[in-house]
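Below is one structure; the comments refer to it alone.
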């Protein structure tokens with residue numbers, strides 16, 4: 007509720023239930039590629055690889071192709087990931103042109119800002135947890151003003167609100 | 002005991018500064034004042050009227066009290082919002098104001114602020130309604146004096162500005178109501194644990 011997004015593993019699991027898992031599952035299975043920055047890549051690759059074979063969500067997460075934006079990593083990458091070579095916005099615009107399902111990014115950070123600047127994001131999904139955690143990085147930090155269109159608002163019985171928005175293009 | 006209800010307009014990134022006007026509050030170089038305008042809808046006004054029907058007192062910080070007073074005090078009777086705002090009892094919290102004469106039905110709290118507010122809560126009456134007033138809201142939150150947060154989440158990101166919740170403040174809440182307005186604004190109403 008205070009827009010803090012850092013270290014969600016410290017509080018999201020208190021609110022996980024079937025409704026939430028179904029939502030997360032639907033979202034993941036509607037995507038056939040993941041894009042991420044280096045920080046998410048490093049954290050996710052380690053966390054999800056260790057759960058290989060334990061459930062279909064983890065297996066899907068592990069098997070999907072990932073595209074990683076980074077200035078410091080060198081390929082080849084593990085975890086079915088490839089480094090985005092060259093101009094990130096151009097490469098992701100090209101990825102969008104390919105036939106297929108949704109392209110999903112978990113978390114938000116520098117990559118989100120780059121994609122926003124190039125109007126490459128079609129939808130933002132924000133889960134508002136009924137908790138203020140006080141400290142940590144915030145959603146949309148260092149992002150300029152962006153108006154959005156509300157696409158959908160729903161709530162889970164745990165008090166989590168899922169808000170889906172489309173950024174309004176200039 | 003009477004409830005203290007904090008009602009705020011917030012952006013998706015939790016900013017509550019200067020929702021109503023360009024020059025309302027430019028502190029910190031805030032340049033986006035008036036950001037609620039494009040998303041206003043009459044149903045939001047109706048929601049406000051409904052919410053404040055359970056209150057008989059506004060508790061406000063100095064700046065918000067002044068902004069509201071300047072807007073509503075000169076209004077002739079008959080305006081639905083003006084009448085509510087002008088007739089309501091206002092309690093303004095300020096250590097610098099000398100008097101609360103500038104807006105009718107206002108009284109001033111300038112010392113022992115939290116004790117005075119606790120006393121106000123214990124008095125018989127309807128709920129106490131707070132809007133804007135970021136400094137006061139932070140103090141109330143940290144003193145566990147807030148019973149409800151009624152947040153109208155506007156569909157935009159502002160990137161910077163004053164926030165509803167103080168830094169380093171942790172609290173668990175219970176979502177008690179949500180409502181979606183036609184302009185894309187979402188009401189999220191939360192109850193606190195009431196640890197006081």
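Residue numbers (my numbering), protein chains in the order written: chain A, 7 to 176; chain B, 2 to 197.
C-beta: ideal position from N, C-alpha, C; glycine also.
Since the structure is predicted, the reported quantities are computational estimates derived from the model, not experimental observations.
CB contact check: residue i to chain B, cutoff 9 Å
i	result
residue 112 of chain A	no
residue 136 of chain A	yes
residue 165 of chain A	yes
residue 35 of chain A	no
residue 159 of chain A	yes
residue 143 of chain A	no
residue 156 of chain A	yes
residue 148 of chain A	yes
residue 169 of chain A	yes
residue 81 of chain A	no
residue 93 of chain A	no
residue 8 of chain A	yes
residue 153 of chain A	yes
Exposure of residue i, with buried meaning 16 or more beta-carbon neighbours within 10 Å
i	result
residue 165 of chain A	buried
residue 96 of chain B	exposed
residue 27 of chain B	exposed
residue 176 of chain B	buried
residue 164 of chain B	buried
residue 141 of chain A	exposed
residue 45 of chain A	exposed
residue 197 of chain B	Interpretation of residue 197 of chain B is limited by its pLDDT of 42, a score under 50 that renders its predicted location unreliable; no figure is taken from the coordinates.
residue 76 of chain B	exposed
residue 88 of chain A	exposed
residue 136 of chain A	buried
residue 42 of chain B	exposed
residue 32 of chain B	exposed
residue 145 of chain B	exposed
Nearest residue (CA-CA) to residue i, options the options
i	options	result
residue 113 of chain B	B:107, B:141 and B:132	B:141
residue 151 of chain A	B:162, B:149, B:152 and B:153	B:162
residue 56 of chain B	B:101, B:173 and B:89	B:89
residue 121 of chain B	B:58, B:54, B:41 and B:187	B:58
residue 150 of chain B	B:78, B:19, B:133 and B:158	B:133
residue 131 of chain A	A:72, A:170 and A:137	A:170
residue 190 of chain B	B:111, B:91 and B:147	B:147
residue 154 of chain A	B:76, B:37 and B:29	B:37
residue 174 of chain A	B:178, B:157 and B:77	B:157
residue 100 of chain A	A:129, A:121 and A:64	A:121
residue 178 of chain B	B:79, B:52 and B:172	B:52
residue 101 of chain B	B:131, B:80, B:83 and B:65	B:65
residue 29 of chain B	B:127, B:160 and B:123	B:160
residue 62 of chain A	A:73, A:35 and A:138	A:35
residue 154 of chain B	A:143, A:71, A:133 and A:176	A:133
residue 193 of chain B	B:187, B:67 and B:174	B:174
residue 48 of chain A	A:126, A:79, A:157 and A:97	A:79
residue 14 of chain A	A:176, A:144 and A:172	A:144
residue 127 of chain B	B:54, B:115, B:109 and B:78	B:54
residue 137 of chain B	B:50, B:115, B:87 and B:68	B:115
Contacting residues, own chain, Cβ-Cβ under 7 Å from residue i (five flanking each side not counted)
i	result
residue 146 of chain A	114
residue 148 of chain A	119
residue 107 of chain A	36, 37 and 38
Residues near residue i by beta carbon distance below 8 Å, same chain, minus five either side
i	result
residue 117 of chain A	41, 42, 43, 75, 94 and 111
residue 139 of chain B	166, 167 and 170
residue 135 of chain B	17, 18, 62, 163, 164 and 165
residue 162 of chain A	21, 23, 25, 26, 29 and 168
residue 143 of chain B	167 and 170
Own chain residues within Cβ distance below 6 Å of residue i, not counting five before or after
i	result
residue 44 of chain B	182
residue 129 of chain B	3, 5, 58 and 60
residue 9 of chain B	17, 152 and 165
residue 51 of chain A	85
residue 159 of chain A	169
residue 104 of chain B	70 and 74
residue 138 of chain A	7 and 8
residue 97 of chain A	90
residue 12 of chain A	142 and 143
Chain A within 9 Å of residue i, Cβ atoms only
i	result
residue 171 of chain B	yes
residue 38 of chain B	no
residue 26 of chain B	no
residue 153 of chain B	no
residue 33 of chain B	yes
residue 175 of chain B	yes
residue 196 of chain B	For residue 196 of chain B, the predicted model reports a pLDDT of 48, less than 50, meaning its position is unreliable; a value from the coordinates is still stated below. Chain A contact via Cβ: absent.
residue 166 of chain B	yes
residue 14 of chain B	yes
residue 185 of chain B	yes
Nearest-angstrom Cβ-Cβ length linking residue i and residue j, presumed shorter than 8 Å
i	j	result
residue 109 of chain A	residue 39 of chain A	5 Å
residue 185 of chain B	residue 156 of chain A	3 Å
residue 91 of chain B	residue 111 of chain B	Wrong, their Cβ atoms sit about 14 Å apart, outside the cutoff.
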